[in-house]
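Asks: Residue numbers (my numbering), protein chains in the order written: chain L, 201 to 536; chain G, 201 to 536.
No residue lacks a Cβ here, since even glycine has one placed at the ideal position from N, Cα and C.
All values reported here derive from a predicted model rather than from experimental measurement.
There are 2 protein chains.
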Amino acid sequence: MAVVVPFESPRPAGLNRLVDLVAADMERVNATILARTGSEVTMIPEVANHLIASGGKRLRPMLTLAMAKLAGYSGDGHIKLAAAVEFMHTATLLHDDVVDESDMRRGKLAARMVWGNEASVLVGDFLLGQAFKMMVEVGNLHALDILSSAAAVIAEGEVMQLGTANNTATNEDEYLAVIRAKTAELFAAACEVGPALANKEKAEQAACRSFGMNLGIAFQLVDDALDYGGKSAKLGKNVGDDFREGKITLPVVLSFRRGTESERAFWNRTLVEGKVEDGDLDAAMAMMAKHHAIEDTLGRARHYGAIAKDALALAPDSPIKQALEEAVDFSIARAH
Amino acid sequence: MAVVVPFESPRPAGLNRLVDLVAADMERVNATILARTGSEVTMIPEVANHLIASGGKRLRPMLTLAMAKLAGYSGDGHIKLAAAVEFMHTATLLHDDVVDESDMRRGKLAARMVWGNEASVLVGDFLLGQAFKMMVEVGNLHALDILSSAAAVIAEGEVMQLGTANNTATNEDEYLAVIRAKTAELFAAACEVGPALANKEKAEQAACRSFGMNLGIAFQLVDDALDYGGKSAKLGKNVGDDFREGKITLPVVLSFRRGTESERAFWNRTLVEGKVEDGDLDAAMAMMAKHHAIEDTLGRARHYGAIAKDALALAPDSPIKQALEEAVDFSIARAH
Chain L
201 MAVVVPFESP
211 RPAGLNRLVD
221 LVAADMERVN
231 ATILARTGSE
241 VTMIPEVANH
251 LIASGGKRLR
261 PMLTLAMAKL
271 AGYSGDGHIK
281 LAAAVEFMHT
291 ATLLHDDVVD
301 ESDMRRGKLA
311 ARMVWGNEAS
321 VLVGDFLLGQ
331 AFKMMVEVGN
341 LHALDILSSA
351 AAVIAEGEVM
361 QLGTANNTAT
371 NEDEYLAVIR
381 AKTAELFAAA
391 CEVGPALANK
401 EKAEQAACRS
411 FGMNLGIAFQ
421 LVDDALDYGG
431 KSAKLGKNVG
441 DDFREGKITL
451 PVVLSFRRGT
461 ESERAFWNRT
471 LVEGKVEDGD
481 LDAAMAMMAK
491 HHAIEDTLGR
501 ARHYGAIAKD
511 ALALAPDSPI
521 KQALEEAVDF
531 SIARAH
Chain G
201 MAVVVPFESP
211 RPAGLNRLVD
221 LVAADMERVN
231 ATILARTGSE
241 VTMIPEVANH
251 LIASGGKRLR
261 PMLTLAMAKL
271 AGYSGDGHIK
281 LAAAVEFMHT
291 ATLLHDDVVD
301 ESDMRRGKLA
311 ARMVWGNEAS
321 VLVGDFLLGQ
331 AFKMMVEVGN
341 LHALDILSSA
351 AAVIAEGEVM
361 QLGTANNTAT
371 NEDEYLAVIR
381 AKTAELFAAA
391 CEVGPALANK
401 EKAEQAACRS
411 FGMNLGIAFQ
421 LVDDALDYGG
431 KSAKLGKNVG
441 DDFREGKITL
451 PVVLSFRRGT
461 ESERAFWNRT
471 LVEGKVEDGD
481 LDAAMAMMAK
491 HHAIEDTLGR
501 ARHYGAIAKD
511 ALALAPDSPI
521 KQALEEAVDF
531 SIARAH
């Protein structure tokens with residue numbers, strides 16, 4: 201279906217510019233991904249490609265490619281590092297679905313529903329192993345340090361999330377610590393390895409890392425808002441998934457804290473005790489509207505988006521810089 | 201309880217010599233392990249130490265230390281690499297217990313029974329991430345290559361095992377391919393990084409790798425024999441675990457292939473259909489005795505043990521070489 205955008209629209213240009221600018225490199229990344237999921241153990245490419253081929257935006261590897269370009273890197277290492285970043289992300293998704301007992305992922309049955317939890321855990325491990333192999337092949341110790349540290353932080357964030365799951369006492373800072381670790385850290389690492397490969401100065405690497413970190417936080421905040429409807433339907437994931445899984449995201453944190461006694465009893469019944477009845481999702485969304493929880497979650501996202509853009513401010517103007525700024529706008533505009 | 205060994209016994213000296221020779225280094229490895237399981241997310245040290253502190257022999261990190269010594273390595277890198285090897289092993293155990301739905305590990309409740317499958321998957325990921333961080337800190341690209349390749353092969357072997365699980369048609373070669381990948385590869389990598397750190401010649405690295413690979417195969421074969429009683433009780437694991445989980449190990453492969461029609465029906469009922477009745481384990485062990493399946497499994501183990509020892513034959517005689525040879529004898533003698 202075509203989407204008609206009136207030409208005077210203030211809508212951001214979306215991801216088009218970024219997609220176009222890294223298209224040639226991305227083709228090589230895709231070929232690498234395909235080659236590196238190959239195995240004589242046929243279940244490995246089956247499970248891996250079920251998820252990898254199912255239409256993720258590949259935003260994270262695009263960021264690695266874009267940052268390498270921004271840094272003027274002229275080698276080949278960014279291709280394998282971008283593929284490694286996507287493998288790390290895919291491994292996390294496979295393990296997440298097992299941990300969350302999710303049925304669906306990107307609008308398809310989750311891999312664990314087709315091949316079982318066993319295969320999801322082990323193919324995730326395989327992809328992590330392949331990711332590290334590719335990083336080692338690139339041979340840049342600084343990039344290795346960035347990505348291996350990220351792997352540990354991401355796992356730490358996932359464990360941390362177990363502690364906040366179904367816990368309505370979670371506050372905004374605790375929520376933020378979780379999404380920094382489990383989502384934003386990979387965005388940050390994906391961005392930082394570009395200038396690291398190009399041996400750029402520390403300040404420049406820190407700027408790229410900050411861009412990724414804040415974009416990642418904004419991205420996750422918008423994701424969490426979209427799970428309660430945002431202002432439009434969300435592709436590939438169903439409204440209410442987080443609610444049914446008892447996930448404590450910022451819209452819930454804000455609604456719980458701003459709610460009445462009886463509203464807090466509602467959140468405890470549905471998210472802590474897991475007793476969800478017909479109409480509860482609508483009731484939850486009504487409370488969020490009453491307390492401006494979605495609105496304020498998106499406001500927080502805009503805050504981090506602005507930090508991301510300012511992080512790149514010292515870089516000279518260029519098409520790739522413009523494309524990265526537009527990627528921030530796109531990540532936030534998904535909610536409208 | 202003290203074990204009384206008559207002094208004229210032909211029993212191998214066991215692991216004592218190896219343990220003594222690497223004791224000083226091992227203390228540093230243990231301190232590193234403790235420091236690296238630390239996290240503000242309290243569940244991480246809890247889960248990690250539940251398993252790490254529960255009395256594994258730490259044979260794999262001992263091999264890394266011993267091979268570094270054999271190679272005359274004088275740096276510090278072997279400490280972190282040995283800790284990384286133990287973390288990779290522990291991560292595999294955590295994930296294995298989830299995949300196998302095991303209740304017990306090393307004579308204690310499996311971590312997943314105490315903290316849940318979620319924590320076992322995610323703390324495993326955390327340990328893998330920490331393992332890679334430590335390797336990167338050592339900064340030797342060759343060692344990184346060896347260990348990251350091993351991580352991918354191990355995961356591949358685990359997925360391969362999903363295909364042989366509950367499949368009585370598995371033959372000895374297929375079984376061997378699985379244990380090479382899932383067990384012996386880490387032994388091989390643990391041994392190979394020692395001479396790699398010391399920049400030894402290719403032939404010497406290959407010899408150490410071959411020692412580890414064949415010791416690992418022998419070790420797993422004996423483990424699989426012990427699960428059906430071997431000739432004595434096995435520490436920390438219960439006789440019959442593999443049987444109850446429907447695992448296809450060499451004792452089963454041999455018994456199935458050498459069995460009568462009605463015996464094969466027995467194996468298919470118990471291992472494929474999972475219908476296990478009282479007395480079935482005894483019946484299984486009786487069939488194994490009839491077909492010399494345990495005896496021949498241990499014979500295969502001695503075969504690989506001999507290859508392991510010959511792999512080290514060109515190394516000049518030294519206490520550490522003797523200790524490594526005794527480790528092979530020990531691994532096999534566990535069955536007697």
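Looking at chain L, is there any beta carbon in it that lies within less than 8 Å of the beta carbon of Val323 (chain G)?
Replies: Start at 1 with the first residue of the second sequence, and residue 323 (chain G) comes out as number 123. Val323 (chain G) counts as touching chain L.
Asks: Need the endpoints of the alpha helix (DSSP H) that Gly394 (chain L) sits in, please.
Replies: Within the first sequence, the letter at position 194 stands for residue 394 (chain L). Taken as a continuous stretch (DSSP letters only), the alpha helix (DSSP H) holding Gly394 (chain L) covers 385-397.
Asks: Going by C-alpha to C-alpha distance, which of G:Asp296, G:Ala407, G:Leu215 sits closest to Glu445 (chain G)?
Replies: Reading the second sequence from its first residue, position 245 is the one you call residue 445 (chain G). Among G:Asp296, G:Ala407, G:Leu215, the Cα nearest to that of Glu445 (chain G) is on G:Asp296.
Asks: In the DSSP assignment, the alpha helix (DSSP H) including Leu218 (chain G) goes from what residue to what residue?
Replies: Here residue 218 (chain G) refers to the residue found at position 18 of the second sequence. In this chain, the alpha helix (DSSP H) harbouring Leu218 (chain G) covers 216-221.
Asks: Please tell me whether Ser320 (chain L) and Gly329 (chain G) are closer than 8 Å, where the distance is taken between their beta carbons.
Replies: Within the first sequence, numbered from 1, the residue matching residue 320 (chain L) stands at position 120. Within the second sequence, numbered from 1, the residue matching residue 329 (chain G) stands at position 129. No.
Asks: Going by other Cβ atoms of all chains shown within 10 Å of its Cβ, with 16 needed for buried, is Pro451 (chain G) buried or exposed?
Replies: Here residue 451 (chain G) is taken as the residue at index 251 of the second sequence, counted from 1. That one is buried.
Asks: Please state whether the Cβ-Cβ distance between Val378 (chain L) and Leu498 (chain L) is less than 8 Å.
Replies: As a first step, residue 378 (chain L) must be located in the first sequence, where it is residue number 178. As a first step, residue 498 (chain L) must be located in the first sequence, where it is residue number 298. Cβ distance not < 8 Å, so Val378 (chain L) and Leu498 (chain L) don't count as in contact.
Asks: Using only alpha-carbon positions, find the residue among L:Phe530, L:Val314, L:Phe332 that is nearest to Asn249 (chain L).
Replies: Locating residue 249 (chain L) in the first sequence gives position 49, where the first residue counts as 1. Considering only alpha carbons, the answer is L:Val314.
Asks: With DSSP as the reference, please indicate the residues paired to Lys475 (chain G) in a beta bridge.
Replies: One-based indexing of the second sequence puts residue 475 (chain G) at position 275. According to DSSP, Lys475 (chain G) bridges with nothing at all.
Asks: So which residues on chain G does Ser239 (chain L) lean against when the C-beta distance must stay under 7 Å?
Replies: Residue mapping note: residue 239 (chain L) aligns to position 39 of the first sequence, counting from 1. Under the 7 Å cutoff, chain G gives Glu356.
Asks: To the nearest angstrom, how far is the alpha carbon of Ile346 (chain G) from that of Ala389 (chain G)?
Replies: Counting from 1 along the second sequence, the entry for residue 346 (chain G) is found at position 146. Counting from 1 along the second sequence, the entry for residue 389 (chain G) is found at position 189. Each residue's Cα considered, the two are about 6 Å apart.
Asks: Might you give, ordered along the chain, the residues of its own chain that have their beta carbon closer than 8 Å to the beta carbon of Gln522 (chain G), omitting 5 neighbours on each side?
Replies: Locating residue 522 (chain G) in the second sequence gives position 322, counting from the first residue. For Gln522 (chain G), where only same-chain residues beyond five positions count, the Cβ hits under 8 Å are Arg217.
Asks: For the pair the region 331-342 of chain G and the region 237-246 of chain G, tell me if three or more CB-CB distances fall below 8 Å.
Replies: no
Asks: Is the separation between the beta-carbon of Leu322 (chain L) and that of Leu362 (chain G) shorter than 8 Å?
Replies: Working through the first sequence from its first residue, we reach residue 322 (chain L) at position 122. Working through the second sequence from its first residue, we reach residue 362 (chain G) at position 162. In contact: Leu322 (chain L) and Leu362 (chain G) (Cβ atoms closer than 8 Å).
Asks: Check whether the region 358-374 of chain G touches the region 389-398 of chain G, taking contact to mean three or more Cβ pairs, one atom from each stretch, closer than 8 Å.
Replies: Too few Cβ pairs lie closer than 8 Å, so no.
Asks: Decide if the region 412-422 of chain G is in contact with the region 459-470 of chain G; the criterion is three or more beta carbon pairs, one per stretch, under 8 Å apart.
Replies: no
Asks: Can you find at least 3 beta carbon pairs, one from the region 486-494 of chain L and one from the region 511-521 of chain L, that sit closer than 8 Å?
Replies: no
Asks: Within 7 Å: the Cβ of Asp220 (chain L) and any heavy atom of the ligand GTP?
Replies: This structure simply doesn't include the ligand GTP, nor any ligand for that matter.
Asks: So with Cβ pairs under 8 Å, would you call Gln330 (chain L) a contact of chain G?
Replies: Within the first sequence, numbered from 1, the residue matching residue 330 (chain L) stands at position 130. It does: the Cβ of Gln330 (chain L) has a partner Cβ on chain G nearer than 8 Å.
Asks: Going by beta-carbon coordinates alone, are Tyr428 (chain G) and Met360 (chain G) separated by less than 8 Å?
Replies: Position 228 of the second sequence, counted from the first residue, corresponds to residue 428 (chain G). Position 160 of the second sequence, counted from the first residue, corresponds to residue 360 (chain G). No.
Asks: Using a C-beta to C-beta distance shorter than 7 Å, which residues of chain L count as neighbours of Lys333 (chain G)?
Replies: Taking the first residue of the second sequence as 1, we reach residue 333 (chain G) at position 133. Here the neighbours are Ser348, Ser349, Ala352.
Asks: Take Asn371 (chain L) as the anchor and find which of L:Ala352, L:Thr449, L:Leu344 has the nearest alpha-carbon.
Replies: For the purposes of this step, residue 371 (chain L) is identified with residue 171 of the first sequence, where counting begins at 1. Comparing Cα positions, the closest option is L:Thr449.
Asks: Looking at the secondary structure, which residues open and close the alpha helix (DSSP H) in which Ile346 (chain G) lies?
Replies: Translated into positions along the second sequence, residue 346 (chain G) becomes position 146. Ile346 (chain G) -> alpha helix (DSSP H) spans 341-364.
Asks: Report the residue from L:Leu415, L:Ala223, L:Arg305, L:Glu473 whose alpha carbon sits nearest the alpha carbon of Glu525 (chain L).
Replies: Residue 525 (chain L) sits at position 325 when you count from the first residue of the first sequence. The shortest C-alpha separation from Glu525 (chain L) is found at L:Leu415.
Asks: Between Ala268 (chain G) and Val528 (chain L), what straight-line distance do the alpha-carbon atoms span, to the nearest angstrom?
Replies: Position 68 of the second sequence, counted from the start, is the residue given in the question as residue 268 (chain G). Position 328 of the first sequence, counted from the start, is the residue given in the question as residue 528 (chain L). Val528 (chain L) has its alpha-carbon roughly 49 Å from the corresponding atom of Ala268 (chain G).
Asks: Counting contacts by CB-CB distance shorter than 8 Å, is Val298 (chain L) in contact with chain G?
Replies: As a working note, residue 298 (chain L) is residue 98 in the first sequence. Closer than 8 Å: yes.
Asks: Kindly list the residues whose CB is nearer than 7 Å to the CB of His289 (chain G), restricted to its own chain and excluding five residues on each side of it in sequence; keep chain order.
Replies: By 1-based counting over the second sequence, the position of residue 289 (chain G) is 89. For His289 (chain G), where only same-chain residues beyond five positions count, the Cβ hits under 7 Å are Arg260, Leu386.
Asks: Can you give me the C-alpha to C-alpha distance between Thr292 (chain L) and Leu426 (chain L), rounded to a whole angstrom?
Replies: For this step, residue 292 (chain L) is matched to residue 92 along the first sequence. For this step, residue 426 (chain L) is matched to residue 226 along the first sequence. For Thr292 (chain L) and Leu426 (chain L), the distance between alpha carbons rounds to 21 Å.
Asks: Measuring only between beta-carbons, confirm whether Leu234 (chain G) sits less than 8 Å from chain L.
Replies: To locate residue 234 (chain G), count along the second sequence from 1; it is residue 34. With 8 Å as the cut-off, Leu234 (chain G) does not count as an interface residue toward chain L.
Asks: Drop a sphere of 10 angstroms on the beta-carbon of Gly474 (chain G), count the other beta-carbons inside from all chains shown, and report buried for 16 or more, exposed for fewer.
Replies: Here residue 474 (chain G) refers to the residue found at position 274 of the second sequence. By the neighbour-count rule (16 or more Cβ atoms within 10 Å), Gly474 (chain G) is not buried but exposed.
Asks: Does any CB atom of chain G fall closer than 8 Å to the CB of Ile494 (chain L)?
Replies: As a working mapping, residue 494 (chain L) is identified with position 294 in the first sequence. For Ile494 (chain L), the answer is no, since every Cβ of chain G falls outside 8 Å of its Cβ.
Asks: Which residues mark the beginning and the end of the alpha helix (DSSP H) in which Asp424 (chain G) is found?
Replies: On the second sequence, residue 424 (chain G) is found 224 positions in, with the first residue counted as 1. Its alpha helix (DSSP H) spans residues 402-426.
Asks: First and last residue of the alpha helix (DSSP H) that includes Gly238 (chain L)?
Replies: In the first sequence, residue 238 (chain L) corresponds to position 38, counting from 1. Note, Gly238 (chain L): premise wrong, no alpha helix (DSSP H); not H, not E.
Asks: Find the nearest neighbour of Asp276 (chain L) within the set L:Gly394, L:Val247, L:Ala369, L:Ala351, judged by alpha-carbon distance.
Replies: The residue you call residue 276 (chain L) lines up with position 76 of the first sequence. Asp276 (chain L) has its Cα closest to that of L:Gly394, out of L:Gly394, L:Val247, L:Ala369, L:Ala351.
Asks: Determine which residues share a DSSP beta bridge with Leu309 (chain G) and list them.
Replies: Counting from one through the second sequence, the residue named residue 309 (chain G) turns up at place 109. In DSSP, Leu309 (chain G) forms a bridge with G:Met304.
Asks: Return no unless some Cβ of chain L is closer than 8 Å to the Cβ of Phe149 (chain G).
Replies: Residue 149 (chain G) cannot be examined here, being either before or after the span of chain G that is shown, 201 to 536.
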